[in-house]
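Asker: Before we start, here is the structure in question, set down as structure tokens.
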Amino acid sequence: MGIDIKSVNKRFKDFQALRDVDLAVRPGEFLALLGPSGSGKTTLLRIIAGLEFADSGQVLFQGQDVSDRSVRDRHVGFVFQHYALFKHLTVARNIAFGLEVRPRRLRPSRQDIDERVDSLLRLVQLGGLGGRYPSQLSGGQRQRVALARALAIEPKVLLLDEPFGALDAKVRKELRRWLRKLHDEMGITTVFVTHDQEEALEIADRVVVMNKGVIEQVGPAQEVYDAPATPFVYDFLGNTNRLPATIKGGVANVVGLLVPAPDVPDGKGMAFVRPHEFELRASGGFGGIEGIISHVFANGPILRIEVNVPSVELAIDLQIEVEAMRQGLDGMVLERGARVALVPRKIKVFEQS
Amino acid sequence: MDGAPRSNDAVTEAPLVRFGLSAIGLFYLALFLVIPLVAVFIEAFNKGFDYYLEALAEPDALAAIRLTLLVAVIAVPLNIVFGLAASWAIAKYEFTGKSVLITLIDLPFSVSPVISGLVYVLLFGAQGYLGPFLAEHDLKIIFAVPGIVLATVFVTFPFVARELIPLMQEQGTSEEEAALSLGASGWQTFWRVTLPNIRWGLLYGVLLCNARAMGEFGAVSVVSGHVRGLTNTMPLHVEILYNEYNFTASFAVASLLALLALFTLVLKSILEWRYGDEISAAKRH
Amino acid sequence: MRSGFGRFRSHSVIPGFGLTLGYTLVYLAVIVLIPLVALFMKAFEIGLDGIWRVATTPQVLAALQLSFGASFVAALINAVFGLLLAWVLVRYQFPGKRVVDAIVDLPFALPTAVAGIVLATLYAKKGWIGALFAGDTWIGALFGPQGLKIAYTPLGIVIALTFVGLPFVVRTVQPVLEDFEAEAEEAAASLGASRFATFTRVILPALLPSLITGFTLAFARAVGEYGSVIFIAGNIPMVSEIAPLLIVTRLEEFNYAGAAAIAVIMLMISFVLLFIINLLQRWNYARMQA
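Chains as they are written, first to last, in our numbering: chain A, 1 to 353; chain B, 354 to 638; chain C, 639 to 928.
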């Protein structure tokens, strides 16, 4: 089921959580809302669910306007950040809850309910644990119960609010991959909120990068990483070097290096290069930024090198981080004090914001 | 509380000091609490067990017991409903004036019981603001059971609310939101999700509310009229008997109230020990 | 588009706001607000100068002095011994401590009339405790040939009010003491302080806010207390008559305005005193933060 969000605004007291947000969620896709805290991603999710109401704008499910519908009537499956399991009910009763509260004529028989609960328990790999209470389960198990509970009502869309935030790293990785597989099997439209870019990039079909109530970029994970549309996206996803630049006539002067920047207006700007997008060459020659190595860290097959670039424009030296595979660097002197040239394979210039 | 004794001499007093302080403390408690409590029962059985039973079986005493129970049976449920409504409103929503509301709820604790009764006499008494209106319609509130119920309600309504408000605030709204997202209605959410989560705090509040409702003296004394057999609750009957120098009978009725107090204390302690964190920190008066 | 209650509340998804808040407000209005308004209306029927006249009547002055004075003394006694009790309960171990801890709450649970008659009986001249202070015992002889009369005197009132307020200080100090860090005490000891010095200089200041809170609660409770006091008090006008009793007397004389006036005066004095104590608390708190 597709979801359309049109011009949604939301304000909390003196804080504007969402500004004129437009988004189209494709049926059956696995979408990540990614951003730092305060970006509005959780608010957006809750507005889709009906747990908050927008000040203005519309929410459409499959073309139908549900903006005024209560959360009860939207038929969404919501998984809360801290699970919100019913502490006094067993796992089985938790999962059965959504079915048991249905009005009599829509309620399945006791037997049907039990069967559904059992099959869901097996689906989330908690078979046989139906009689336990939430307090007797681990964090990862509770998360799966919360998921099973949401799936029990056969929702049209699955919404997850930082589902793995409270778990430790290993469990987090396992669970998110398992969630993705589950999604692929069931084909249900899924939107999840996270502040962990690794998570978003790994399992989502498309990523929505949000910042301060605004969508910075929407696109497939790879695209958002490789071709960031704004400085924020560049900075937020992966590591970046920010280099001051001056633009004149479509050409940017980045610490001495000239780089084409056709769409950037004249004036001050910022150039972005990821650490692994630099090529290390011997000092001297053209097309590189000259610098002196200040630190070298070996991290397995990867070398992390910090290079000091004396800059005339700035009073201080620039510190650039470079990542390179050790293999390709035979023949180079890589130690503290050595001179190198940094040649960017990929560089993007933005105007000063 | 009953942890391992501190063996760290740097932060413990000399044994003599410890003993001395403990002794003083226990003596203080014995003097002010234990001796009076024991004295109630000793005085009650002063003239033997048969006399004790007769005193309780006396018609006016029985009427007083019945009235006390009746008042409690009406006032406590009313206050439960209020407590649930008020704590739901305060804990699940944001609105201006919340702190004023909470202050109002705490009001009866800062007002003398006599004043609590006085205000109703001023409203409903024969010379009160609504006196003529009531007389016209042949309704008696002051010097009748309704007045006693009203005064009792005034004095006891904070108990349930004060227990539930911090508890429900602590529990937040996410379980209720989850229930709603699964399709439950407001009532279903309340019955199936909220109520089970607050049951021990609720029981605790009801316990305190009931103890106060049955034991209230000052407020009820003002509105009651002291008509023997009709508008006397147990505490008032204790007073009447005492003023008639009928000491043993007075203590006999008082012993029932003391038993109620002990029962309340025991249940209260059990609830605190076993369900301490579910009753929340607010229980520390 | 949604129209909610506008600025009044943020639109919440959980149903029942109108129902619960409405019921709460109606209940409060009927049970609390309207009767209180009636109280003030009645009192002001005789005007502000009328109230002042009532307040300065010798009998009323004596009763107010007694009520507030005795309450103050009782609260002070409870502050000292409540602190001691809290200390013993938190820091020391002894058999039956749990029972002792539970019994501290007895004044909360025991009906005031029961406390009243038993205290009056105990401290009467022939009572168990009163007899100990009679002229012929060695304790009583300390106070002269007649001994020390407790029941039917202001002293008896203080004792009853001490009973009533006993749990307050204990229960406000206990949690603070329980959470107190041993490290502060260890630091003081390492710097050479005796236990007593550590107590007065390190622990007591930290306990002061809760101590004051407990004192305030005990004081407020004692001022309005009726049932526990009325039997042991003596009730002699100008000597051992407490203010609540005076209100009841006025009511029985059908002097509603007079009764209301005294009630309003009591409420006002209590309000001012509590306000001052609250300010003291805030000043103390701010001082400790700085």
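We treat Cβ as the ideally placed atom computed from N, Cα and C, and that holds for glycine.
#1: When DSSP labels each residue in this structure, what does Ala-204 of chain A get in the three-state scheme?
#2: Gly-554 of chain B versus chain A: which residues are under 7 Å apart at the beta carbon?
#3: Taking Gly-98 of chain A and Gly-536 of chain B to be in contact with their CB atoms under 8 Å, please state how far apart those CB atoms are, rounded to whole angstroms.
#4: For Pro-358 of chain B, which residues from the same chain have a beta carbon less than 7 Å from its beta carbon, with the 5 sequence-adjacent residues on both sides left out?
#5: Compute the distance between the beta-carbons of Glu-162 of chain A and Gln-217 of chain A, then report whether it is under 7 Å.
#6: Taking only three categories from DSSP, how would you classify Arg-172 of chain A?
#7: Taking the alpha-carbon positions, what's the Glu-523 of chain B to Gly-852 of chain C distance?
#8: Taking all protein chains shown into account, decide if Gly-130 of chain A is buried (16 or more other Cβ within 10 angstroms of its Cβ) or exposed.
#9: Hey, out of A:Leu-51, A:Ala-324 and A:Gln-197, whose CA is closest to Phe-159 of chain A's CA?
#10: Is the beta carbon of Arg-144 of chain A closer than 7 Å to that of Leu-126 of chain A?
#11: What are the start and end residues of each continuous beta strand (DSSP E) run of 3 or more residues lying completely inside the region 293–326 of chain A, in chain order?
#12: Please report how far the alpha carbon of Leu-583 of chain B lies from the alpha carbon of Leu-594 of chain B, in whole angstroms.
#13: Rounded to a whole number of angstroms, what is the C-alpha to C-alpha distance between Ala-700 of chain C and Pro-875 of chain C?
#14: Is Glu-100 of chain A helix, strand or coil by DSSP?
#15: Could you tell me which of B:Ala-414, B:Val-513 and B:Phe-372 sits nearest to Val-429 of chain B, measuring between CA atoms?
#16: Grab the span of the beta strand (DSSP E) containing Gln-58 of chain A for me, first residue to last.
#17: So, helix, strand or coil for Ser-7 of chain A, using DSSP?
#18: To which residues of the same chain is Ile-551 of chain B closer than 7 Å at the C-beta, ignoring the five residues directly before and after it?
#19: For Ser-463 of chain B and Val-76 of chain A, what's the separation of their Cα atoms in angstroms?
#20: How would you call Trp-540 of chain B, buried or exposed, if buried means at least 16 neighbouring beta carbons within 10 angstroms?
#21: Pull up the distance between the alpha-carbon of Asp-65 of chain A and that of Leu-533 of chain B, whole angstroms please.
#22: State the Cα-Cα distance for the pair Leu-257 of chain A and Met-332 of chain A, rounded to the nearest angstrom.
#23: Is Phe-355 of chain A helix, strand or coil when you go by DSSP?
#24: Do the region 891–902 of chain C and the region 705–721 of chain C meet, that is, are 3 or more Cβ pairs less than 8 Å apart?
#25: Pull up the distance between the alpha-carbon of Thr-90 of chain A and that of Phe-732 of chain C, whole angstroms please.
#26: Going along chain C, which residues have a C-beta under 7 Å from Gln-480 of chain B?
#27: Would you mind stating whether Phe-385 of chain B and Phe-834 of chain C have Cβ atoms separated by less than 7 Å?
#28: If I follow the unbroken beta strand (DSSP E) through Thr-189 of chain A, where does it start and stop?
#29: For my contact list, Ala-564 of chain B and Leu-613 of chain B are in at a C-beta cut-off of 8 Å; report their separation, rounded to the angstrom.
#30: Checking the sheet assignment: what are the DSSP bridge partners for Gln-64 of chain A?
#31: Give the residues of chain B in contact with Ala-84 of chain A, contact being defined as C-beta atoms less than 8 Å apart.
#32: So, for Phe-746 of chain C: in the same chain, excluding its five sequence neighbours on each side, which residues have a beta-carbon less than 7 Å away from its beta-carbon?
#33: Please report how far the alpha carbon of Ala-844 of chain C lies from the alpha carbon of Asp-817 of chain C, in whole angstroms.
#34: Quick check: what's the CA-CA separation for Glu-223 of chain A versus Arg-142 of chain A?
#35: Can you pull the chain C neighbours of Glu-516 of chain B, defined as C-beta to C-beta under 7 Å?
#36: Taking 7 Å as the CB-CB limit, is Tyr-628 of chain B close to chain C?
Answerer: From the atom records:
#1: DSSP places Ala-204 of chain A in coil when its eight states are reduced to three.
#2: By Cβ distance, chain A contributes nothing, its closest Cβ being about 13 Å from Gly-554 of chain B, past 7 Å.
#3: Sure, about 5 Å apart at Cβ, within 8 Å.
#4: Reliability of the predicted coordinates at Pro-358 of chain B is poor, the pLDDT of 47 falling under 50, and the value obtained from them is presented with this limitation in mind. For Pro-358 of chain B, where only same-chain residues beyond five positions count, there are no Cβ hits under 7 Å.
#5: Contact: no.
#6: In the structure shown, the three-state DSSP call for Arg-172 of chain A is helix.
#7: Distance between the alpha carbons of Glu-523 of chain B and Gly-852 of chain C: 24 Å.
#8: Per the 10 Å Cβ criterion, buried.
#9: The question names Phe, yet the displayed sequence has Leu at residue 159 of chain A. Of the listed residues, the one whose Cα sits closest to Leu-159 of chain A is A:Leu-51.
#10: Yes, the pair counts as a contact, with Cβ atoms nearer than the cut-off.
#11: Segments of the beta strand (DSSP E) lying fully in the region 293–326 of chain A: 302–309 and 318–325.
#12: Rounded to whole angstroms, Leu-583 of chain B to Leu-594 of chain B spans 15 Å at the Cα level.
#13: Approximately 8 Å, taken between the alpha carbons.
#14: DSSP places Glu-100 of chain A in the helix class (H, G or I) of the three-state scheme.
#15: The shortest CA-to-CA distance from Val-429 of chain B to any of B:Ala-414, B:Val-513 and B:Phe-372 is the one to B:Val-513.
#16: It spans 56–61 - the beta strand (DSSP E) in which Gln-58 of chain A sits, taken as one unbroken run.
#17: In this structure, Ser-7 of chain A counts as strand in the three-state DSSP scheme.
#18: Closer than 7 Å at Cβ, skipping near neighbours: Leu-517, Leu-520 and Met-521.
#19: Cα-Cα distance, rounded: 49 Å.
#20: Within 10 angstroms of the beta-carbon of Trp-540 of chain B lie fewer than 16 other beta-carbons, which makes it exposed.
#21: Straight-line measurement puts the Cα of Leu-533 of chain B at about 20 Å from the Cα of Asp-65 of chain A.
#22: Rounded to the nearest angstrom, the two C-alpha atoms are 22 Å apart.
#23: Because chain A here runs from 1 to 353, residue 355 of chain A falls outside it and cannot be looked at.
#24: Taking 8 Å as the limit for Cβ pairs, the verdict is that the region 705–721 of chain C does not touch the region 891–902 of chain C.
#25: Taking the straight line joining both Cα atoms gives about 41 Å.
#26: Chain C residues near Gln-480 of chain B: Phe-892 and Tyr-894.
#27: Result no, Cβ atoms of Phe-385 of chain B and Phe-834 of chain C do not sit closer than 7 Å.
#28: That run of the beta strand (DSSP E) goes 189–194.
#29: Right, the Cβ-Cβ distance comes to about 7 Å (below 8 Å), so this counts as a contact.
#30: In the DSSP assignment, Gln-64 of chain A is bridged to A:Phe-61.
#31: Result: Ser-527, Glu-528, Glu-530 and Ala-531.
#32: Taking C-beta separations shorter than 7 Å and ignoring five residues to either side along the sequence, the partners of Phe-746 of chain C in its chain run Pro-805, following chain order.
#33: Cα to Cα, the separation comes out at about 11 Å.
#34: Those two C-alpha atoms are separated by around 34 Å.
#35: Chain C residues near Glu-516 of chain B: none, gap ~14 Å exceeds 7 Å.
#36: By the rule that beta-carbons nearer than 7 Å mark a contact, Tyr-628 of chain B does not touch chain C.
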